[in-house]
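Everything below concerns the one structure shown next.
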Amino acid sequence: MRSPSRHPLAIIVIAQLFGTSLWFSVNGVGLSLAGDLGLSDADLGRLTLAVQAGFILGALGLATSGLTDRFRASRVFATACLAGALANAGFILAAPHPALALALRFLTGVCLAGIYPLGMKLVIGWTPRYTGAALSWLLGMLTLGTALPHLLRGATLGLSWQMPLLGASMLALAGGALVLALGDGPHLPPPGGRARLREGLAALRDPRFRSVAGGYFGHCWELYAVWTLTPFLVGRELDRLSAPASLIPWLAFTVIALGAVGCVLGGRLSRRLDSLPVARGALAISGLICLGYPLLAHVSPWWLLALMALWGLTVIADSPQFSALAAANAPRAHVGSTLAVMNAIGFSLTIPGIWLTTALWDSQGPWTIWWLLPGPALGLWCLRRHVPRDEAVT
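With my numbering applied, the sequence shown covers 9 to 402.
Encoded structure:
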C-alpha cells in the first residue's frame, strides 16, 4: 500500500502550478515570436484561443466519457502532464507552420483539461472536507502557473525563445511525477457515472444556481482576456517610461501572479463574510477598473502600473468563491454534470473576449478594455438578488 503523504495538499497545488505553466507558455514568448517569426497580436490571440477551445472540448469529453471514474485521478493527471509537455515542446518545431502550431496548442488545451479539473478531484480525495480554502489555494496555483511563463522568459532573456517553452514542459513533467508518486487519496466519493449535459443545463432553471452561474460567466468573459492583454498593457506603459522592453515579462508575471494572493486572501475573507460578498466585491472592483482604465490611459504610467497590479489581484479572486457557491447551490444528485456544464459555458465565453481584444488592440489600444466591461457588469446584475443557501462549501 502507498503510505499517506504528510502534506498532500501542498504536493497537489505545486503539481497544479507546474502543470498549468503550459497554459500561457506561448504568450510568455510572444514578443520574441513577433520578432523572429513575424506573428501579429491577432496571431498570438488565435494561439491562445486554440488552447481555450481544446480545454473546453477536453473538459466536456472527460466529464461525459466517465474516464475520470474508470481510471485513477492521479494517473489521468500524470498522463495529461506528459502529453501536454510533449505538445508544448512540439510547438518549437511547429511554430513556423500556422496550422500545425494551432493544432498543437489545441492539443495542449485538451491536456490541460486533465490537469486543472483533476486537481480539484485530487484535493477532494486527500482532504476530509472540500473546502473553499483548499479551492483558493488551487485557483491560486492556477493563477501562478498562468504567470509562470512570463517569469521563465524574464529569466532566459539572453537565450532563444525555445528555452522557456522547454522549461514549461519540464515543469509539467515534474508536476505529473509528483502526483503519480502521491496517488489518489482515501476520501474520494464513489463514482457518479457519466455527466449528462441535459441534467447540467436543467440546473440553470434554479434561480439561485442561475444567479451564481451568471456571475461566473461574466467573470470568465473578462479573466482570460485580461491575462492575454497584460503584456500589451505593461509594454505600453514601459514604452511611455522609455524603459527597456526586457522588463515586460517580469512585470507581466508580477501582475498576473498577484492573483494568487487575491485567491488566498479571498478564501480567508470568505470564512468571515461568506463567499457571496467576496465574489461580488472582487467582481465589482475588477469591473470598475475595466470602466476606468481607458479613461485614465494618459495619466502617469506609474499610476497605471499600480492599477494593473490591483486588477491582477482582484480579477481572479472571485473564481474560487464562484466555485464554492456553485457547488453549494447545484442539485445534489447532479453536481458533477452541473459543474461540468457551467465550466464549459464559462470557458467558451473566454473565447470572444480574447478574440476581440487581441484583434482590436492595434487600432484601439487601451480602449479595447471596454469590450470586457459587459462581463463584470452582467455578472453583478445576475448576483444582485441572489439569496444564498447554507453553504456546504466555505
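In this text, a Cβ means the ideal position worked out from N, Cα and C, and glycines have one as well.
Assigned exposure category for residue i - 16 Cβ within 10 Å defines buried
{"i": "residue 31", "result": "buried"}
{"i": "residue 307", "result": "exposed"}
{"i": "residue 314", "result": "exposed"}
{"i": "residue 219", "result": "buried"}
{"i": "residue 355", "result": "buried"}
{"i": "residue 33", "result": "buried"}
{"i": "residue 181", "result": "buried"}
{"i": "residue 213", "result": "exposed"}
{"i": "residue 69", "result": "exposed"}
{"i": "residue 371", "result": "exposed"}
{"i": "residue 311", "result": "exposed"}
{"i": "residue 384", "result": "buried"}
{"i": "residue 279", "result": "exposed"}
{"i": "residue 15", "result": "exposed"}
{"i": "residue 175", "result": "buried"}
{"i": "residue 249", "result": "exposed"}
{"i": "residue 168", "result": "exposed"}
{"i": "residue 73", "result": "exposed"}
{"i": "residue 20", "result": "buried"}
{"i": "residue 288", "result": "buried"}
{"i": "residue 221", "result": "buried"}
{"i": "residue 239", "result": "buried"}
{"i": "residue 253", "result": "exposed"}
{"i": "residue 10", "result": "Confidence is the limiting factor: at residue 10 the pLDDT is only 49, short of 50, which leaves the residue's position unreliable, though a coordinate-based value still follows. Flag for residue 10 reads exposed."}
{"i": "residue 46", "result": "exposed"}
{"i": "residue 75", "result": "exposed"}
Residue j beta carbon less than 7 Å from that of residue i
{"i": "residue 294", "j": "residue 322", "result": "yes"}
{"i": "residue 121", "j": "residue 66", "result": "yes"}
{"i": "residue 366", "j": "residue 50", "result": "yes"}
{"i": "residue 237", "j": "residue 246", "result": "no"}
{"i": "residue 235", "j": "residue 302", "result": "no"}
{"i": "residue 125", "j": "residue 36", "result": "no"}
{"i": "residue 59", "j": "residue 116", "result": "yes"}
{"i": "residue 429", "j": "residue 388", "result": "Any question about residue 429 goes unanswered here, given that the chain covers just 9 to 402."}
{"i": "residue 348", "j": "residue 64", "result": "no"}
{"i": "residue 23", "j": "residue 143", "result": "no"}
{"i": "residue 329", "j": "residue 286", "result": "yes"}
{"i": "residue 357", "j": "residue 223", "result": "no"}
{"i": "residue 177", "j": "residue 93", "result": "yes"}
{"i": "residue 183", "j": "residue 268", "result": "no"}
{"i": "residue 281", "j": "residue 320", "result": "no"}
{"i": "residue 29", "j": "residue 179", "result": "yes"}
{"i": "residue 118", "j": "residue 166", "result": "no"}
{"i": "residue 146", "j": "residue 127", "result": "yes"}
Rounded separation between residue i and residue j - CA only
{"i": "residue 399", "j": "residue 114", "result": "At residue 399, the pLDDT of 44 sits below 50, so the modelled position is not reliable; the number obtained from the coordinates is stated separately. If you take the alpha carbons of residue 399 and residue 114, they lie about 36 Å apart."}
{"i": "residue 437", "j": "residue 338", "result": "Lying before the first or after the last residue shown, residue 437 is absent from the chain, which here runs from 9 to 402."}
{"i": "residue 402", "j": "residue 325", "result": "Unreliable positioning characterises residue 402 in this predicted model, as indicated by a pLDDT of 32, which lies under 50. A coordinate reading is not provided."}
{"i": "residue 78", "j": "residue 71", "result": "11 Å"}
{"i": "residue 26", "j": "residue 97", "result": "15 Å"}
{"i": "residue 157", "j": "residue 264", "result": "11 Å"}
{"i": "residue 216", "j": "residue 48", "result": "43 Å"}
{"i": "residue 106", "j": "residue 373", "result": "25 Å"}
{"i": "residue 8", "j": "residue 103", "result": "Nothing can be reported for residue 8: it is not among the residues displayed for the chain, which extend from 9 to 402."}
{"i": "residue 364", "j": "residue 194", "result": "45 Å"}
{"i": "residue 242", "j": "residue 53", "result": "17 Å"}
{"i": "residue 129", "j": "residue 346", "result": "15 Å"}
{"i": "residue 284", "j": "residue 386", "result": "16 Å"}
{"i": "residue 18", "j": "residue 190", "result": "11 Å"}
{"i": "residue 162", "j": "residue 257", "result": "5 Å"}
{"i": "residue 299", "j": "residue 378", "result": "6 Å"}
{"i": "residue 260", "j": "residue 270", "result": "16 Å"}
{"i": "residue 159", "j": "residue 39", "result": "14 Å"}
{"i": "residue 227", "j": "residue 290", "result": "10 Å"}
{"i": "residue 86", "j": "residue 95", "result": "14 Å"}
{"i": "residue 84", "j": "residue 90", "result": "10 Å"}
{"i": "residue 230", "j": "residue 211", "result": "24 Å"}
{"i": "residue 277", "j": "residue 153", "result": "23 Å"}
{"i": "residue 192", "j": "residue 131", "result": "9 Å"}
{"i": "residue 334", "j": "residue 350", "result": "9 Å"}
Min CB distance residue i to chain D below 7 Å
{"i": "residue 156", "result": "In the structure shown, chain D cannot be found, because there is only a single protein chain."}
Residue span of the alpha helix (DSSP H) that contains residue i, given as start and end
{"i": "residue 169", "result": "It is not in any alpha helix (DSSP H) - residue 169 carries neither H nor E in the DSSP assignment."}
{"i": "residue 15", "result": "Element bounds for residue 15: n/a, residue is neither H nor E."}
{"i": "residue 113", "result": "106-120"}
{"i": "residue 223", "result": "215-248"}
{"i": "residue 132", "result": "124-134"}
Quiz item: Which parts of the segment 321-397 are runs of the alpha helix (DSSP H), unbroken and 4 residues or longer, counting only runs that do not cross its ends?
Solution: Every alpha helix (DSSP H) of 4 residues or more that sits fully in the segment 321-397 is shown, in chain order, as 327-337, 343-356, 358-372, 382-391.
Exercise. Mind listing, in chain order, the continuous alpha helix (DSSP H) runs of no fewer than 4 residues lying wholly within the segment 255-335?
Key: 256-281, 283-300, 309-322
Quiz prompt | 4 or more residues per run - each alpha helix (DSSP H) lying fully within the segment 19-104 | solution = 33-36, 38-45, 49-73, 75-78, 81-102
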